[in-house]
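*Asks:* Residue 1 is where the sequence shown starts when you use the numbering used here, and the numbers rise one by one after that. This structure is in structure tokens; I'll ask about it shortly.
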Amino acid sequence: MVLDLVIIGLAITLEPLTLVAFILIVGAQQGIRKGLAFILGWLACLVAVIAVVVLVTGGKPPEPHTAPSTAALVVKALLGAVLIWVGLRQRQRMGRPRKQPAWMARLDHLSLWAAAGLGVFLQPWTLVAAGAATVVQAKLSTAGDWLALVMFCLLATSSFLVMELYAAFAPAAAAVRFERIHTWIDTHQDQAIVVGALVVGAWLLGNSIYLIVS
Numbered sequence: 001m002v003l004d005l006v007i008i009g010l011a012i013t014l015e016p017l018t019l020v021a022f023i024l025i026v027g028a029q030q031g032i033r034k035g036l037a038f039i040l041g042w043l044a045c046l047v048a049v050i051a052v053v054v055l056v057t058g059g060k061p062p063e064p065h066t067a068p069s070t071a072a073l074v075v076k077a078l079l080g081a082v083l084i085w086v087g088l089r090q091r092q093r094m095g096r097p098r099k100q101p102a103w104m105a106r107l108d109h110l111s112l113w114a115a116a117g118l119g120v121f122l123q124p125w126t127l128v129a130a131g132a133a134t135v136v137q138a139k140l141s142t143a144g145d146w147l148a149l150v151m152f153c154l155l156a157t158s159s160f161l162v163m164e165l166y167a168a169f170a171p172a173a174a175a176v177r178f179e180r181i182h183t184w185i186d187t188h189q190d191q192a193i194v195v196g197a198l199v200v201g202a203w204l205l206g207n208s209i210y211l212i213v214s
């Protein structure tokens, strides 16, 4: 479980489109406050999803090779297949011009509640669902098991936390560094999405199939 959560958490926090959105939010008027609102909305969403899964399972995973256990693995395999499809589709679209979402032009006038809402709206839901399916298999019997869930939520939010702190304590240096990151993502966004989706998708699909048949 822990390895799956680490891989999924890293994929979530390094998702290129969300990183660009957060950089633009922090660079807007009152960007520090809006960035904090975004982080709180993002983190609250992740915690809510995990909490719902834990409440449903009671912290006790289904027995191996039972219908509920197999269903959770099938869901993870399907999500892996979806990610592979996303990666292959993105590869076919490489080089095509991208249209900027309309909300990006209104960031200076974005309210704190709207910024928090973006933290929910911009979640990479396929990856979040994969994380939830992984938590279904979690046996929460020790403090270490609970710590793994906390670390997953923090890992999935870590890039935003680092950028928020950087912007708060070194705004001038952060602005320069964030502009470089933004430029790099604009140049390599397609490749990053293709590689990330294919790698994570292949892991979820292959690992789930192995556990189903073993």
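Positions of the beta carbon are idealized from the N, C-alpha and C atoms, including for glycine.
1. Could you please give the first and the last residue of the uninterrupted alpha helix (DSSP H) stretch that includes Pro-68?
2. Do you know offhand how far Pro-68's Cα is from Val-52's?
3. Going straight from the alpha carbon of Gly-27 to that of His-182, what length do you get?
4. Since Trp-203 and Ile-7 are thought to touch, with beta carbons under 8 Å apart, how far apart are those beta carbons, to the nearest angstrom?
5. For Ala-197, count neighbouring C-beta atoms within 10 Å of its own C-beta (all shown protein chains included) and say buried if the count is 16 or more, exposed if not.
6. For Leu-257, which of Tyr-210, Val-199 and Leu-211 has the nearest alpha-carbon?
7. Specify the secondary structure class of Lys-34 as computed by DSSP and reduced to three states.
8. If you reduce the DSSP assignment to three classes, tell me which class Gln-189 lands in.
9. Within a Cβ cutoff of 8 Å, which residues of the same chain sit near Asp-186, ignoring the five residues on either side of it in sequence?
10. Within 10 Å of its beta-carbon, does Val-136 have 16 or more other beta-carbons around it, so buried, or fewer, so exposed?
11. Closest to Val-160 by C-alpha separation, out of Phe-38, His-109 and Val-213, would be which residue?
*Replies:* Concretely, from the data shown:
1. Locating residue 68 in the sequence shown gives position 68, counting from the first residue. That run of the alpha helix (DSSP H) goes 67-92.
2. Within the sequence shown, residue 68 is the residue found at index 68, counting from 1. Within the sequence shown, residue 52 is the residue found at index 52, counting from 1. Their Cα atoms are separated by approximately 16 Å.
3. Looking up residue 27 in the sequence shown gives position 27. Looking up residue 182 in the sequence shown gives position 182. Answer to the nearest angstrom: the Cα atoms are 11 Å apart.
4. Numbered from 1 along the sequence shown, position 203 holds the residue referred to as residue 203. Numbered from 1 along the sequence shown, position 7 holds the residue referred to as residue 7. Their Cβ separation, rounded to whole angstroms, is 6 Å, which keeps Trp-203 and Ile-7 in contact under 8 Å.
5. Sequence index remark: in the sequence shown, residue 197 carries index 197 (1-based). For Ala-197, the number of other beta carbons within 10 angstroms of its own is at least 16, and it is reported as buried.
6. Nothing in the structure corresponds to residue 257, since the chain is present only between 1 and 214.
7. Taking the sequence shown and counting its residues from 1, one reaches residue 34 at position 34. Per DSSP, reduced to three states, the secondary structure at Lys-34 is helical.
8. Here residue 189 is taken as the residue at index 189 of the sequence shown, counted from 1. Correct three-state label for Gln-189: helix.
9. Sequence index remark: in the sequence shown, residue 186 carries index 186 (1-based). These residues qualify, in order along the chain: Val-20.
10. One-based indexing of the sequence shown puts residue 136 at position 136. Flag for Val-136 reads buried.
11. The sequence position of residue 160 within the sequence shown is 160, counting from 1. In the sequence as presented, Val is not what sits at residue 160; that position holds Phe. Answer by Cα proximity: Phe-38.
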